[in-house]
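Inspection log for the structure reproduced underneath, given as structure tokens.
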Amino acid sequence: MLTHLLSQQSAWARWMAFLLAFGLLVGLSPLTPYTTTEGIPITLQSMLVVFLPILLGWKIGLAAVVTYLIVGGMGAPVFSYGTFGWERFTGSSGGFLLAFPIAAVLSGYAMEQWQHSKSVLIGALLMFAGQFIILGLGLFWYHAIIPVEEGMMASVERLMPGLLIKTAFGGLALVLIQRLASATIRLNEVSQPPTDT
2 MLTHLLSQQS
12 AWARWMAFLL
22 AFGLLVGLSP
32 LTPYTTTEGI
42 PITLQSMLVV
52 FLPILLGWKI
62 GLAAVVTYLI
72 VGGMGAPVFS
82 YGTFGWERFT
92 GSSGGFLLAF
102 PIAAVLSGYA
112 MEQWQHSKSV
122 LIGALLMFAG
132 QFIILGLGLF
142 WYHAIIPVEE
152 GMMASVERLM
162 PGLLIKTAFG
172 GLALVLIQRL
182 ASATIRLNEV
192 SQPPTDT
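The end of the sequence shown is residue 198 by my numbering, with every number in the run present.
Below, the structure is given as structure tokens:
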């Protein structure tokens with residue numbers, strides 16, 4: 002949504018956008034407000050992983066997500082419950098983590114294709130689709146590693162309310178950010194003196 006605006010800015014503005022995205026991932030992802038009975042944490046990770054590329058573009062979003070995964074793998078406590086380490090990529094949560102870059106690219110790239118529509122609804126739908134990709138790939142991996150009686154569809158149905166709540170939360174954030182960006186652009190256009198031609 003802000004991709005076009007960022008592309009008109011200098012390199013330092015894009016660098017600051019990357020640092021902001023990375024900071025949000027590092028700061029908010031370890032928070033785990035809810036855990037399922039099987040031990041699957043419900044965090045803001047999946048929402049942020051698709052929200053940031055939708056907002057800032059797939060390149061900045063993907064760079065932040067990959068950097069976040071590398072930092073977590075190297076030992077920073079940035080994954081759910083403040084966990085870390087490369088073993089997280091091969092354990093039961095590995096499918097979710099490995100799906101992050103895929104969802105980031107797909108959601109961010111798709112939003113860039115529709116960026117001229119300025120539709121928050123498209124952003125919310127892409128946010129849902131990106132999180133659903135993470136959920137599907139993550140659960141497939143989880144069920145392959147840990148034998149559970151619950152089937153895939155039952156797991157998806159049980160986790161769907163959380164996904165919908167995160168999508169609604171992200172959609173509201175997109176609305177607020179779009180309105181702030183539009184107001185800032187209008188204010189800048191009004192404050193610039195007319196040029197003689």
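Backbone N, C-alpha and C fix where the C-beta goes; we use that ideal spot for every residue, glycine too.
Terminal residues of the continuous alpha helix (DSSP H) containing residue i?
{"i": "R89", "result": "Where R89 is concerned, there is no enclosing alpha helix (DSSP H), given that its DSSP letter is neither H nor E."}
Buried or exposed for residue i, please, with buried defined as at least 16 other CB atoms from any protein chain shown within 10 angstroms of its CB.
{"i": "G76", "result": "exposed"}
{"i": "L7", "result": "buried"}
{"i": "Y35", "result": "exposed"}
{"i": "L122", "result": "exposed"}
{"i": "I147", "result": "exposed"}
{"i": "G139", "result": "buried"}
For the putative contact between residue i and residue j, defined by C-beta atoms under 8 Å, what is the C-beta separation to the nearest angstrom?
{"i": "L181", "j": "G124", "result": "No, L181 and G124 are not in contact; Cβ-Cβ is about 15 Å, not under 8 Å."}
{"i": "S47", "j": "K167", "result": "7 Å"}
{"i": "L63", "j": "L25", "result": "Actually they are not in contact, since the Cβ atoms of L63 and L25 sit about 15 Å apart, beyond 8 Å."}
{"i": "L127", "j": "L160", "result": "L127 to L160, Cβ: 19 Å. No contact."}
Anyone know if the C-beta pair for residue i and residue j falls short of 8 Å?
{"i": "G58", "j": "T4", "result": "yes"}
{"i": "L70", "j": "L98", "result": "yes"}
{"i": "V67", "j": "P102", "result": "yes"}
{"i": "S156", "j": "A130", "result": "no"}
{"i": "V51", "j": "A104", "result": "yes"}
{"i": "S55", "j": "A100", "result": "Here residue 55 turns out to be Ile, not Ser, going by the sequence shown. No, these two residues do not count as a Cβ contact at 8 Å."}
Please give me, in chain order, every unbroken run of the alpha helix (DSSP H) with length at least 4 that falls completely inside the region 107-170.
121-146
Completely contained alpha helix (DSSP H) runs for the region 23-65, where each covers 4 or more residues:
List check, alpha helix (DSSP H) in window: 46-57.
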